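K.L.:
For the sequence shown, counting from 1, position 74 maps to 360 in my numbering; every step adds exactly one. Ideal Cβ positions, reconstructed from N, Cα and C, are used throughout, including at glycine. Source: prediction; values computed, not measured.
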Amino acid sequence: MEKLPLFLILFSLAISMAMADSNEVDEWFGNLQHAKERTTRLHFYFHDTTSGKNPSARRVAQAPSTNKSPTFFGLINMMDDPLTEGPEATSKLVGRGQGLYASSGLDELSLLMAWNVIFKSGDYNGSSLTILGRNPTTHPLREMSIVGGTGVFRMARGVVTLKTYFFNSSAGVAVVQVDVVAIHY
Ligand SMILES: *[C@@H]1O[C@H](CO)[C@@H](O)[C@H](O)[C@H]1NC(C)=O
Ligand SMILES: *[C@@H]1O[C@H](CO)[C@@H](O)[C@H](O)[C@H]1NC(C)=O
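#1: Check this for me: beta carbons of residue 379 and residue 406, under 9 Å apart or not?
#2: With three or more C-beta pairs closer than 8 Å as the rule, is the segment 447-467 touching the segment 319-337?
#3: Please classify residue 347 as buried or exposed, where buried requires at least 16 other C-beta atoms within 10 Å of its C-beta.
#4: Which whole-angstrom value is the C-beta distance of residue 357 and residue 389, which I expect to be below 8 Å?
#5: Excluding the 5 residues flanking residue 363 on each side, which residues of the same chain have their C-beta closer than 6 Å to its C-beta?
#6: Rounding to the nearest angstrom, what Cα-Cα distance links residue 287 and residue 463 in this structure?
#7: Ligand 1: which residues have Cβ under 5 Å from any of its heavy atoms, chain order?
#8: Check whether the Cβ of residue 457 sits closer than 8 Å to any heavy atom of ligand 2, and report yes or no.
#9: In whole angstroms, what separates the C-alpha of residue 317 from that of residue 382?
#10: Between residue 399 and residue 441, is the Cβ-Cβ spacing less than 9 Å?
#11: Expressed to the nearest angstrom, what Euclidean distance is found between the alpha-carbon atoms of residue 417 and residue 449?
#12: Whole angstroms is fine: what's the gap from residue 466's alpha carbon to residue 454's?
#13: In whole angstroms, give me the CA-to-CA distance for residue 434 and residue 426.
#14: Keeping to the same chain, check which residues put their C-beta closer than 6 Å to that of residue 328; ignore five residues upstream and five downstream.
#15: Tell me which residue opens and which closes the beta strand (DSSP E) that residue 462 is part of.
This is the structure:
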């Protein structure tokens, strides 16, 4: 058999993968006018660890003035936090919370969060939600917007609320309860 150059193999692989993906989305789109709007409610916890041997969140940038700011203004962290069914670290993994949070308040400790919730188990395995919003971490309840989704959650919109379950600043550990109300098709 004639040997194809590697780049050609990779190129045709990429094209066939893209076609498979777009066909699935095309099919979904074709049925969309008959699809009924659904509401899904979810409840899980994320574990954000900024220190120790295996931190799940890392400081990636800051302003020259961040260290002098009482609210860490300008600090940007990238996270890949485990999401679990219950609040214990050993609880069943349901997905990952990947994205960034940036200190965006000059006078109040407040984060701008832009993150994807990627589900890794059950009916939602492989689907994701994209969340954008403000997280004033000391408030008992914070609310953010679902701005979109993939897979089961295509064209999702909705609301996510966060409640701190456990926080230890010297250990750099936060466990946060997440409640999702997603409207999708
Ligand atoms: C989720 O889907 C991936 C890819 O299809 C699969 O490898 C994995 O076993 C699934 N996980 C669960 C818990 O169903
Ligand atoms: C918080 O973390 C510190 C440092 O790891 C530890 O010594 C302390 O016991 C922890 N406090 C709580 C309430 O878990």
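P.N.:
Looking at the coordinates:
#1: As a first step, residue 379 is located in the sequence shown; it is residue number 93 there, counting from the start. As a first step, residue 406 is located in the sequence shown; it is residue number 120 there, counting from the start. Against a cut-off of 9 Å, the Cβ pair of residue 406 and residue 379 comes out as a contact.
#2: yes
#3: For the purposes of this step, residue 347 is taken as residue 61 along the sequence shown, with counting starting at 1. Exposed.
#4: In the sequence shown, residue 357 corresponds to position 71, counting from 1. In the sequence shown, residue 389 corresponds to position 103, counting from 1. At roughly 6 Å, the Cβ-Cβ gap stays under 8 Å, so residue 357 and residue 389 are in contact.
#5: Here residue 363 refers to the residue found at position 77 of the sequence shown. Counting only Cβ-Cβ distances below 6 Å, and skipping sequence neighbours, we find 343, 345 and 387.
#6: Along the sequence shown, one-based indexing puts residue 287 at 1. Along the sequence shown, one-based indexing puts residue 463 at 177. Low per-residue confidence applies at residue 287: pLDDT is 49, beneath 50, and the placement is therefore not dependable enough to give any value.
#7: 407 and 411
#8: Reading the sequence shown from its first residue, position 171 is the one you call residue 457. Yes; taking the cut-off as 8 Å, the Cβ of residue 457 has a heavy atom of ligand 2 nearer than that.
#9: The residue you call residue 317 lines up with position 31 of the sequence shown. The residue you call residue 382 lines up with position 96 of the sequence shown. Rounded to whole angstroms, residue 317 to residue 382 spans 30 Å at the Cα level.
#10: Residue mapping note: residue 399 aligns to position 113 of the sequence shown, counting from 1. Residue mapping note: residue 441 aligns to position 155 of the sequence shown, counting from 1. Taking 9 Å as the Cβ cut-off, residue 399 and residue 441 do not qualify as a contacting pair.
#11: By 1-based counting over the sequence shown, the position of residue 417 is 131. By 1-based counting over the sequence shown, the position of residue 449 is 163. If I take the Cα positions, the gap works out to 16 Å.
#12: Reading the sequence shown from its first residue, position 180 is the one you call residue 466. Reading the sequence shown from its first residue, position 168 is the one you call residue 454. Rounded to whole angstroms, residue 466 to residue 454 spans 25 Å at the Cα level.
#13: In the sequence shown, counting from the first residue as 1, residue 434 sits at position 148. In the sequence shown, counting from the first residue as 1, residue 426 sits at position 140. Answer to the nearest angstrom: the Cα atoms are 25 Å apart.
#14: Here residue 328 is taken as the residue at index 42 of the sequence shown, counted from 1. Cβ neighbours of residue 328 beyond the five flanking positions: 466.
#15: Start at 1 with the first residue of the sequence shown, and residue 462 comes out as number 176. Note, residue 462: beta strand (DSSP E), 459-470.
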